[in-house]
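Colleague: Have a look at the structure that comes next, please.
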Amino acid sequence: MTDSIYNLGMGFGVALSPINLAMCFLGALMGTLVGVLPGVGTVATVAMLLPLTFGMPPETALIMLAGIYYGAQYGGSTTSILVNIPGEASSIITAIDGFKMAQKGRAGKALAVAAIGSFVAGCVSTLLVSILGEPLTEVALAFGAAQYFSLMVLGLVLAVVLARGSVVRALSMVALGLLLAMIGSDLESGAQRMTFGLPELSDGLNFSVVAMGLFGFAEIFRNLEDDGVDRSVLTQKIKGLMPTWQDLKSCFMPVVRGTALGSVLGILPGGGATISSFAAYTLEKKVSRNRTEFGRGAIEGVAAPESANNAAAQTSFIPLLTLGLPSNAVMALMIGAMMIQGIVPGPQVIEKQPELVWGLIASMWIGNLMLLVINLPLVGIWVKLLRVPYRLLFPSIVVFCSIGMYSINNSPFDVIMAGVFGLVGYVLVKWDFEPAPLILGMVLGLMVEENLRRALIISRGDTSVFFTSPLSLGLLLLSGALLILAVLPSISGKRNEVFVEED
Amino acid sequence: MLEATVKQRAAPGSRPLIASPRNFWGGIALLVVSLTALWLVSGLSGMRGYTFGAGTMPRLIIGLLIALSIGLIGMGLVIKGASLPRLALRGPLMLFAAIIFFAVALSSLGIVLTSFFTYLIAGLASKETRWGEAVIAGACMTVFCTALFYYGLSLPFPLWPSL
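Chains as they are written, first to last, in numbering that gives the first Met the number 0: chain P, 0 to 502; chain W, 0 to 162.
Here's what the structure looks like:
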């Protein structure tokens, strides 16, 4: 305990340096700014703004990225509440009751509760990350190649189980992601794999380029088709930002439950943040005294998923920092950013670069506080931004993203690849193939190969090594069980339940 | 190929052979990708004793992908599912064109002209674009991007066309 207080103190020392503080603020501001844009989700926002951080020192870059991440989440909630365009799965839930509240003239309260709930959740889970970080790292150090491999299998399976729609489709996306990761030089022999002889591909497909295409560009392609946006709420004046005492009282328990649920789900590798808002909403609907109001503008229906979402966003840094495993697409982008900075994510980071890890943890809290400050007073600006017609916004986004992609390596090739993956992503989304498992597969691909390779070398080719270690066996059994559960139609019917409720 | 599949959907028939076109054609597409990949990695070395060769992991993954795509094709034939969605052509293709233009033009035309024209080409993607305001907004965006990326972050690309 004293250790984590000491470490947290060191973290605040790093995070509160003027440059880091400024970049955290700038990140949160930019993140909100882009995240507010209709239809641009968290992943897309982070992917778009990622290049901004490339010239910075590692701490500053990661702190800014964390700011962008939280900003994007808040921005997404704002858009969901005001115009009912959720940028991604996790804010679909917020849109259900949030937009109804806005239509009833309670938009201000919905926004305030979303911000306050997220802040409370953020405080609790930041503390949790700092307490759990260190002991979990020690656990992580006990992981050998075989255990790592099994853990990654579990992570990928979780991503499949939590994805929307068919399990087979999600699995095939994971496999496609793994295959894309194989492009480039083989780590061991240096042999060129599937590079078509292009020197640009010998380092592999640039991860942020693929993410930008699949999430950023594809999003714009798809949004061009949506018209008939209900902007009626925007013409009203947003007033009554301060929730009443009664509002706060009815939100207290939902926030507590949402935070608890979100914190736990966020730690699981494989997609915590998305599922946590669904889970929190479903739980609240079961236990709330006010359950008949759900779907008609219940303030609890905004408070619970928003806190859960944010708590999970925070605790999803735990598997990233301790094991080097991303638990969702945004964390995958963070890993990409770390690798660009020359940091190999994993348990050794917290030992070798404690300032980096603890600075990041401290800046999560600061980022949350900043968002409370940015989001509430600036709500008027976001509303104005939402009034800008999409026909003027999307070409700007295209130009902005193209410059961003170009600036990663000063390479036109990257921009072209992002465009190609934009088309691929558009077709995938239209055909109901979710791109998130693909990204996770792509990030983990080389790590899976390396650990599988190493495990088999250590065991001298004996594949039973994955089943003789209790830890590895447990992880594999868990993965198998989850997969079987997900394939059972009755369960997958349940999985879709929460999605159906939106209409 | 996309156009062909869309037409396929329109073909009338009392009992369609393909119950779920999204699964079926998705499976076909993945099968094509995996077979192409299999051919691409054909020259890479395989297992040597218990050591992985460069081609081992790709082949394992391709095997998995082939199994999954056959599964998808099978499901597509048997389990009823949603029909193929209508794919818009103009929007995505014009935006793609804008992105390609940007990539090709930047190093010779410079950031100012490239940003401006990329904006306008992207504008072609939507029927709603009004050209008067698009030119003004494009100019504003150009000024903003030049200020941020060229002067602010001093990224190394030319400002104007090099003569």
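C-beta: ideal position from N, C-alpha, C; glycine also.
Counting only C-beta atoms, is residue 97 of chain W closer than 8 Å to chain P at any point?
Modeller: As a first step, residue 97 of chain W must be located in the second sequence, where it is residue number 98. Taking Cβ atoms only, chain P reaches closer than 8 Å to residue 97 of chain W, which makes this a yes.
Colleague: So residue 137 of chain W and residue 134 of chain P are in contact, right, with Cβ under 8 Å, and what is the actual spacing, rounded?
Modeller: To locate residue 137 of chain W, count along the second sequence from 1; it is residue 138. To locate residue 134 of chain P, count along the first sequence from 1; it is residue 135. 54 Å between Cβ atoms; not a contact.
Colleague: What residues of chain P sit near residue 114 of chain W, judged by a beta carbon separation below 8 Å?
Modeller: Translated into positions along the second sequence, residue 114 of chain W becomes position 115. Here the neighbours are 398, 402.
Colleague: Would you decide whether residue 259 of chain P is buried or exposed? Buried here means 16 or more other CB atoms lie within 10 Å of its CB.
Modeller: By 1-based counting over the first sequence, the position of residue 259 of chain P is 260. Buried, since its Cβ has 16 or more Cβ neighbours within 10 Å.
Colleague: Counting only beta-carbon atoms, is residue 223 of chain P nearer than 8 Å to chain W?
Modeller: On the first sequence, position 224 is the one that residue 223 of chain P refers to. Residue 223 of chain P counts as touching chain W.
Colleague: Would you check if the distance between the CB atom of residue 61 of chain W and the CB atom of residue 28 of chain W is smaller than 8 Å?
Modeller: As a first step, residue 61 of chain W must be located in the second sequence, where it is residue number 62. As a first step, residue 28 of chain W must be located in the second sequence, where it is residue number 29. No, they are not a contact pair.
Colleague: With C-beta atoms as the reference, is residue 214 of chain P less than 8 Å away from residue 46 of chain P?
Modeller: One-based indexing of the first sequence puts residue 214 of chain P at position 215. One-based indexing of the first sequence puts residue 46 of chain P at position 47. Yes, the pair counts as a contact, with Cβ atoms nearer than the cut-off.
Colleague: Considering only the alpha carbon of each residue, which of P:50, P:320, P:122, P:412 lies closest to residue 140 of chain P?
Modeller: Here residue 140 of chain P refers to the residue found at position 141 of the first sequence. If we check each option's Cα against that of residue 140 of chain P, P:320 comes out closest.
Colleague: Whose C-alpha, out of P:7, P:192, P:358, is nearest the C-alpha of residue 64 of chain P?
Modeller: The residue labelled residue 64 of chain P in the question sits at position 65 within the first sequence. Of P:7, P:192, P:358, the residue nearest in Cα terms is P:358.
Colleague: So, does the CB of residue 107 of chain W fall closer than 8 Å to a CB anywhere in chain P?
Modeller: By 1-based counting over the second sequence, the position of residue 107 of chain W is 108. No, residue 107 of chain W does not count as interfacial toward chain P.
Colleague: Label residue 460 of chain P either buried or exposed according to how many other C-beta atoms from any shown protein chain fall within 10 Å of its C-beta, with 16 as the threshold for buried.
Modeller: Counting from one through the first sequence, the residue named residue 460 of chain P turns up at place 461. So residue 460 of chain P ends up on the exposed side.
Colleague: I need the straight-line Cα distance from residue 227 of chain P to residue 125 of chain W, nearest angstrom please.
Modeller: Along the first sequence, one-based indexing puts residue 227 of chain P at 228. Along the second sequence, one-based indexing puts residue 125 of chain W at 126. Note on residue 227 of chain P: pLDDT 49, under 50, position unreliable in the model; no value is reported.
Colleague: For residue 68 of chain W, report the span of its alpha helix (DSSP H) as first-last.
Modeller: As a working mapping, residue 68 of chain W is identified with position 69 in the second sequence. Unbroken alpha helix (DSSP H) run through residue 68 of chain W: 55–77.
Colleague: Exposed or buried, what is residue 142 of chain W when buried is set at 16 or more other beta-carbons lying within 10 Å of its beta-carbon?
Modeller: Within the second sequence, the letter at position 143 stands for residue 142 of chain W. Counting Cβ neighbours within 10 Å, residue 142 of chain W comes out exposed, since fewer than 16 surround it.
Colleague: Could you work out which residues of chain W lie near residue 448 of chain P, taking near to mean beta carbons separated by less than 8 Å?
Modeller: Counted from its first residue, the first sequence places residue 448 of chain P at position 449. Chain W residues near residue 448 of chain P: 51, 56.
Colleague: For the alpha helix (DSSP H) that contains residue 127 of chain W, what are its first and last residues?
Modeller: As a first step, residue 127 of chain W is located in the second sequence; it is residue number 128 there, counting from the start. For residue 127 of chain W, no alpha helix (DSSP H) run applies, since DSSP gives it neither H nor E.
Colleague: I want to see whether chain C comes within less than 8 Å of residue 91 of chain W, judged by CB atoms only; does it?
Modeller: Among the protein chains of the structure shown, namely P and W, there is no chain C.
Colleague: So residue 111 of chain W contacts chain P; which residues on that side make the cut at Cβ distance below 9 Å?
Modeller: Sequence index remark: in the second sequence, residue 111 of chain W carries index 112 (1-based). The premise fails here: residue 111 of chain W is roughly 12 Å from chain P at the closest Cβ pair, so nothing lies under 9 Å.
Colleague: Just the C-alpha distance for residue 338 of chain P and residue 370 of chain P, rounded to the nearest angstrom, thanks.
Modeller: To locate residue 338 of chain P, count along the first sequence from 1; it is residue 339. To locate residue 370 of chain P, count along the first sequence from 1; it is residue 371. Taking the straight line from one Cα to the other gives about 27 Å.
Colleague: Can you tell me whether residue 467 of chain P is buried or exposed, with buried defined as 16 or more other CB within 10 angstroms of its CB?
Modeller: Taking the first sequence and counting its residues from 1, one reaches residue 467 of chain P at position 468. Classification of residue 467 of chain P: exposed, given that the 10 Å Cβ count is below 16.
Colleague: Can you check which of these residues, P:157, P:62, P:90, is closest to residue 360 of chain P by C-alpha distance?
Modeller: Reading the first sequence from its first residue, position 361 is the one you call residue 360 of chain P. The candidate whose alpha carbon is nearest that of residue 360 of chain P is P:62.
Colleague: Cα separation between residue 154 of chain P and residue 327 of chain P?
Modeller: For the purposes of this step, residue 154 of chain P is taken as residue 155 along the first sequence, with counting starting at 1. For the purposes of this step, residue 327 of chain P is taken as residue 328 along the first sequence, with counting starting at 1. Spanning the two alpha carbons is a distance of roughly 9 Å.
Colleague: Run through chain P and tell me which residues come within less than 9 Å of residue 75 of chain W, C-beta to C-beta.
Modeller: Sequence index remark: in the second sequence, residue 75 of chain W carries index 76 (1-based). Going along chain P, no residue has its Cβ under 9 Å from residue 75 of chain W, so there is no contact; the nearest lies around 10 Å.
Colleague: Output the distance between the C-alpha atoms of residue 410 of chain P and residue 103 of chain W, rounded to the nearest integer angstrom.
Modeller: For the purposes of this step, residue 410 of chain P is identified with residue 411 of the first sequence, where counting begins at 1. For the purposes of this step, residue 103 of chain W is identified with residue 104 of the second sequence, where counting begins at 1. In a straight line, the C-alpha of residue 410 of chain P is about 10 Å away from that of residue 103 of chain W.
Colleague: Give the DSSP-derived three-state secondary structure of residue 41 of chain W in the structure shown.
Modeller: Counting from 1 along the second sequence, the entry for residue 41 of chain W is found at position 42. Here residue 41 of chain W sits in coil by DSSP.
Colleague: For chain W, is any of its Cβ atoms less than 8 Å away from the one on residue 205 of chain P?
Modeller: Mapped onto the first sequence, residue 205 of chain P falls at position 206. Residue 205 of chain P does not count as touching chain W.
Colleague: Is there contact between the region 50–60 of chain W and the region 112–122 of chain W, where contact requires at least three CB pairs shorter than 8 Å?
Modeller: no
Colleague: Could you tell me whether any Cβ in chain W is nearer than 8 Å to the Cβ of residue 436 of chain P?
Modeller: As a first step, residue 436 of chain P must be located in the first sequence, where it is residue number 437. No, residue 436 of chain P lies away from the interface with chain W (no Cβ there is under 8 Å from its Cβ).
Colleague: Taking beta-carbon pairs under 9 Å, can you tell me which members of the region 274–287 of chain P lie near chain W?
Modeller: none
Colleague: Using the Cα positions of residue 307 of chain P and residue 42 of chain P, report the straight-line distance between them to the nearest angstrom.
Modeller: Working through the first sequence from its first residue, we reach residue 307 of chain P at position 308. Working through the first sequence from its first residue, we reach residue 42 of chain P at position 43. Going by the C-alpha atoms only, they are around 18 Å apart.
Colleague: If I measure Cβ to Cβ from residue 294 of chain P and keep anything under 8 Å in the same chain, skipping five residues before and after, which residues do I get?
Modeller: Numbered from its first residue, the first sequence carries residue 294 of chain P at position 295. Here the set comprises 95, 96, 99, 300, 500.
Colleague: Interface residues of chain P around residue 21 of chain W at Cβ under 7 Å?
Modeller: Here the question's residue 21 of chain W lines up with position 22 in the second sequence. The answer, in chain order, is 430, 431.
Colleague: Using a Cβ-Cβ distance cut-off of 8 Å, determine whether residue 27 of chain W contacts chain P.
Modeller: Counting from 1 along the second sequence, the entry for residue 27 of chain W is found at position 28. No, residue 27 of chain W does not count as interfacial toward chain P.
Colleague: Residue 184 of chain P by DSSP, collapsed to three states: which one?
Modeller: By one-based count along the first sequence, residue 184 of chain P stands at place 185. Strand at residue 184 of chain P.
Colleague: Nearest-angstrom Cα distance between residue 10 of chain P and residue 335 of chain P?
Modeller: Taking the first residue of the first sequence as 1, we reach residue 10 of chain P at position 11. Taking the first residue of the first sequence as 1, we reach residue 335 of chain P at position 336. If I take the Cα positions, the gap works out to 22 Å.
Colleague: Just to confirm, is the Cβ distance from residue 26 of chain P to residue 66 of chain P under 8 Å?
Modeller: Numbered from its first residue, the first sequence carries residue 26 of chain P at position 27. Numbered from its first residue, the first sequence carries residue 66 of chain P at position 67. Result yes, Cβ atoms of residue 26 of chain P and residue 66 of chain P sit closer than 8 Å.
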